[in-house]
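Okay, so here's the structure we're looking at.
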Amino acid sequence: MELNRRNFVKMLIGGAAGLQFTPLPWKLTDDIAIWTQNWSWLPVPQAGEFTLEKSVCTLCPGGCGIEVRKVDGRAVKIEGRTDYPVNPGGICPIGMGGLQLLYNKSIRFTSPMKRVGPRGSGIFKDISWEEASRMLTARISDLRKNGKPESVAAIDGNPGRSTMAMMVERFIKAIGSPNYIRIPSIEDTYRMSNIIMQGTEGPMAYDLENSDYVLSFGCGLLEGWGAPGRVFNAWGNWHEKSQKK
Numbered sequence: 186m187e188l189n190r191r192n193f194v195k196m197l198i199g200g201a202a203g204l205q206f207t208p209l210p211w212k213l214t215d216d217i218a219i220w221t222q223n224w225s226w227l228p229v230p231q232a233g234e235f236t237l238e239k240s241v242c243t244l245c246p247g248g249c250g251i252e253v254r255k256v257d258g259r260a261v262k263i264e265g266r267t268d269y270p271v272n273p274g275g276i277c278p279i280g281m282g283g284l285q286l287l288y289n290k291s292i293r294f295t296s297p298m299k300r301v302g303p304r305g306s307g308i309f310k311d312i313s314w315e316e317a318s319r320m321l322t323a324r325i326s327d328l329r330k331n332g333k334p335e336s337v338a339a340i341d342g343n344p345g346r347s348t349m350a351m352m353v354e355r356f357i358k359a360i361g362s363p364n365y366i367r368i369p370s371i372e373d374t375y376r377m378s379n380i381i382m383q384g385t386e387g388p389m390a391y392d393l394e395n396s397d398y399v400l401s402f403g404c405g406l407l408e409g410w411g412a413p414g415r416v417f418n419a420w421g422n423w424h425e426k427s428q429k430k
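Structure follows, in structure tokens:
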């Protein structure tokens, strides 16, 4: 056979096609999978006592029920609670990824921080919770004794009315300061519309699961609206109903 460009391409294509009918590519794939699972830097799952803890997700105002799987007290997985009325078994990707926020030290504080450099320098050091509590208590006591409780302020970045937000607001008022500050959000508009139309501040519950027709004006149902876990379940039920019809 004359070796030219056409015959060379034919030989390459024929050889590649022939390899697919041999065990070689599948054996190489299996070996690579085993090799990548034995890297030294991969975490090894712990062996120990298995427990389940029930809680509520606070990563958005939806308040979905979650179930945390723990091994020897260490959280290893987050799932949706099947016995929770808000999201029966459902959970959004943000809730499932909550462990990343827990264990990724580059994006969270693991202890109180005290500024040790000039204001604006960004120089801080870790201190214990006991030391932080003593410092906070002493500073607040001095401000109250000097008649300046309004110097204390709290900025709440959580748009929802969570239990923690209400506790912080009561704490600031107990000190004597009016400076409990909430960052404005779309939740304020939602709450105001509920007050005007329904006479209540609380979020409304919509029977999405049993709805035959939903007319949405710019509402991203699958983009974090309401309780994501429940909306995902309702969306899945709609598709099941449409297939049965």
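Take the sequence shown: its letters are residues 186 to 430, numbered as in the working numbering. Even glycine gets a Cβ: it sits at the ideal position worked out from N, Cα and C.
Review point. In the structure shown, what three-state DSSP assignment does Glu-252 receive?
Key: strand
Review point. Mind checking whether Asn-366 and Ile-325 have CB atoms under 7 Å apart?
Key: For the record, residue 366 in the displayed sequence is Ile; it is not Asn. No. Outside cutoff.
**Study point:** Per-residue DSSP class, three states only, for Thr-221
**Key:** Helix, per DSSP.
Review point. What is the rounded straight-line gap between the Cα of Phe-309 and the Cα of Arg-300?
Key: 4 Å
Check your understanding: Could you check where the beta strand (DSSP E) with Arg-367 kicks off and where it finishes?
Key -> 365-367
Check your understanding: If you draw a straight line from the C-alpha of Ser-401 to the C-alpha of Leu-209, how long is it?
Key -> 54 Å
Point to revise | Spatial neighbours of Tyr-269 in its chain, beta-carbon cut-off 6 Å, leaving aside the 5 residues before and after | key: Gly-250
Check your understanding: Looking only at its own chain, which residues have a Cβ that is under 8 Å from the Cβ of Arg-293, when we skip the five neighbours before and after it?
Key -> Leu-286 and Leu-287
Exercise for review: Assign Ser-362 to one of two classes, buried (16 or more other C-beta atoms within 10 Å of its C-beta) or exposed (fewer than that).
Suggested key: buried
Exercise for review: Classify Lys-310 as helix, strand or coil using the three-state DSSP reduction.
Suggested key: strand
Point to revise | Opposing strand residues paired with Val-181 [DSSP bridges] | key: Outside the displayed span of the chain (186 to 430) sits residue 181, for which this structure offers no information.
**Study point:** Member of Asn-379, Ser-396 and Asn-395 whose CA lies at the smallest distance from the CA of Met-389
**Key:** With distances taken between Cα atoms, Met-389 lies closest to Asn-379.
Check your understanding: Where do the ends of the alpha helix (DSSP H) carrying Ile-360 lie?
Key -> 348-360
Exercise for review: Note down the Cα distance separating Gly-247 from Glu-264, rounded to an integer number of angstroms.
Suggested key: 15 Å
**Study point:** Cα-Cα separation, Asp-257 to Ile-198
**Key:** 54 Å
Review point. Using a Cβ-Cβ cut-off of 8 Å (strictly less than) and excluding sequence neighbours within five positions of Tyr-375, which residues of its own chain qualify?
Key: Pro-388
Check your understanding: Using the C-alpha atoms, what's the distance from Ala-419 back to Ser-396?
Key -> 9 Å
Check your understanding: Does DSSP put Arg-300 in a helix, a strand or coil?
Key -> strand
Practice item. Let me know the secondary structure DSSP gives Lys-262 once reduced to three states. Key: strand
Practice item. Report the partner residues of Ile-340 according to the DSSP bridge assignment. Key: Ile-366
Exercise for review: Please go through the same chain and pick out, in chain order, the residues whose beta-carbon is closer than 6 Å to the beta-carbon of Glu-394, but skip the five residues on each side of it.
Suggested key: Ala-419 and Asn-422
Review point. What is the residue span of the alpha helix (DSSP H) that Arg-293 lies within?
Key: Counting along the chain, Arg-293 falls outside any alpha helix (DSSP H), and DSSP gives it neither H nor E.
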